[in-house]
Amino acid sequence: MSSVNYGSKRIVTGAGYGFCDWLAQRVTAVLMALFTVVLLAQVIFTSGPIGYEEWAGIFASQWMKVLTFTVIIALLYHVWVGMRDIWMDYIKPLALRLALHVFTLVWLIGCAGWSVQALWRL
Amino acid sequence: MTELVRKRPEFRNINALKDLPSYRLPVAGIVSILHRISGFLMFLLMPLIIWMFDNSITSEISFAKLSAAFGIGIGFVPGWFFKLLALALIWAYLHHFIAGVRHIYMDAFHAVTKEFGKSSAVATLVLSLGLTAVLGAKLFGLY
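If you read the protein sequences in the order shown, they are chains A and B.
Numbering of the first sequence is given in the numbering used here, commencing with residue 4 and proceeding in unit increments.
Numbering of the second sequence is given in the numbering used here, commencing with residue 2 and proceeding in unit increments.
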């Protein structure tokens, strides 16, 4: 690793200094795991078959909407770190990697926007 | 180290076509690469996941259409194909989740011996594949 990391030697595609993202993946993972348990519990403890009313009803309450929204944002960052690691490991050419990073971000932000829209239409 | 220990094969400049197929990956290695693959798969199928979520909560009609998609299909896509995609997502989520919990457990409790790596990897595969089989059977109407 060169000791010069400013100016034209600054790496624009990379993990920066690593620790923040490593921790963020774990924190977001724990949050999403808790959300999974919360959602699963609501599904399991619904007596009778789950039709539209029961299912949409789960996401209708304000607290569930806020929790789901937080999880969507958490997922966004979690996936970004994961995908960036994949590109960094396998794609050597800088231009291609940068393009894939941009594609990944557009994909993820679009997905996040769509899911928030669906959530708040309720 | 005694002289009887065989010299371990070294892998430099790994050639995807020559070395990867002949390399014996330990169980922990299999869990690890599947963790990455399952994550990538979910990334690719994200629009599908959101499409299902959207249709499931928007209205009675869209909910019914989504349910029908798994039966008779939508357009030219047959129902069993949607079920297959759902099964892939179920496996991907279960494996990624359980392997992720294993990661965090090893981080938090410093459980980093080779033995634990092996036993926890086996447990991960058994649990994730087992649950996938159970949920898959339910999905395909086997019970």
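Cβ atoms here follow ideal geometry from the backbone N, Cα and C, with glycine treated the same way.
- When secondary structure is reduced to three states using DSSP, Ile-112 (chain A) falls in the helix class.
- Residues of the segment 110-125 of chain A with a C-beta atom less than 7 Å from some C-beta of chain B are Cys-114, Trp-117, Ser-118, Ala-121, Arg-124, Leu-125, listed in chain order.
- Rounded to whole angstroms, the Cβ separation of Leu-125 (chain A) and Ala-59 (chain A) is 6 Å, and the two are in contact under 8 Å.
- Following the DSSP letters along the chain, one finds Thr-49 (chain A) in no alpha helix (DSSP H), marked with neither H nor E.
- For Trp-123 (chain A) and Lys-68 (chain A), the gap between their C-alpha atoms comes out near 8 Å.
- The alpha carbon of Ile-76 (chain A) has as its nearest neighbour, out of A:Gln-28, A:Ser-11, A:Glu-57, A:Ser-6, the alpha carbon of A:Gln-28.
- Leu-103 (chain A) places its beta carbon less than 9 Å from that of Trp-90 (chain A).
- When A:Ser-6, A:Ala-98, A:Tyr-9, A:Leu-34 are compared, the shortest CA-CA separation from Phe-72 (chain A) is found for A:Leu-34.
- In this structure, Ala-36 (chain A) sits away from His-81 (chain A), with a CB-CB distance that is not shorter than 9 Å.
- Scanning A:Phe-106, A:Val-74, A:Ala-121, A:Leu-99 for the CA closest to the CA of Val-41 (chain A) turns up A:Val-74.
- Within the segment 24-36 of chain A, the residues whose Cβ lies closer than 8 Å to any Cβ of chain B are, in chain order, Arg-29, Ala-32, Val-33, Ala-36.
- Beta bridge pairing from DSSP links Ile-75 (chain B) with B:Val-78.
- Contact with chain A is absent for Phe-71 (chain B), since none of that chain's Cβ atoms lies less than 9 Å from the residue's Cβ.
- About 16 Å separates the beta carbon of Ile-105 (chain B) from that of Ser-129 (chain B), a gap too long to meet the 8 Å contact definition.
- In this structure Leu-136 (chain B) is in contact with Ile-91 (chain B), their Cβ atoms being roughly 5 Å apart against a cut-off of 8 Å.
- Against chain B, the CB of Met-91 (chain A) has no partner CB under 9 Å away; the residue lies outside that interface.
- Secondary structure note for Pro-27 (chain B): it is in no alpha helix (DSSP H), with a DSSP letter that is neither H nor E.
- Taking every protein chain shown into account, the CB of Ile-53 (chain A) has fewer than 16 other CB atoms within 10 angstroms, so this residue is exposed.
- No Cβ-Cβ contact shorter than 9 Å links Phe-141 (chain B) with Leu-86 (chain B).
- The segment 84-99 of chain A and the segment 12-25 of chain B do not touch, with fewer than 3 CB-CB distances between them shorter than 8 Å.
- The three-state secondary structure of Tyr-9 (chain A), taken from DSSP, is coil.
- Residue burial annotation: Arg-7 (chain B) is exposed, with fewer than 16 other C-beta atoms found within 10 angstroms of its C-beta.
- Val-32 (chain B) is a Cβ neighbour of Leu-126 (chain B), given a cutoff of 9 Å.
- No Cβ of chain A is located within less than 9 Å of the beta carbon of Val-127 (chain B).
- Using a CB distance below 7 Å, the part of the segment 47-65 of chain A facing chain B consists of Tyr-55, Trp-58, Ala-59, Phe-62, ordered along the chain.
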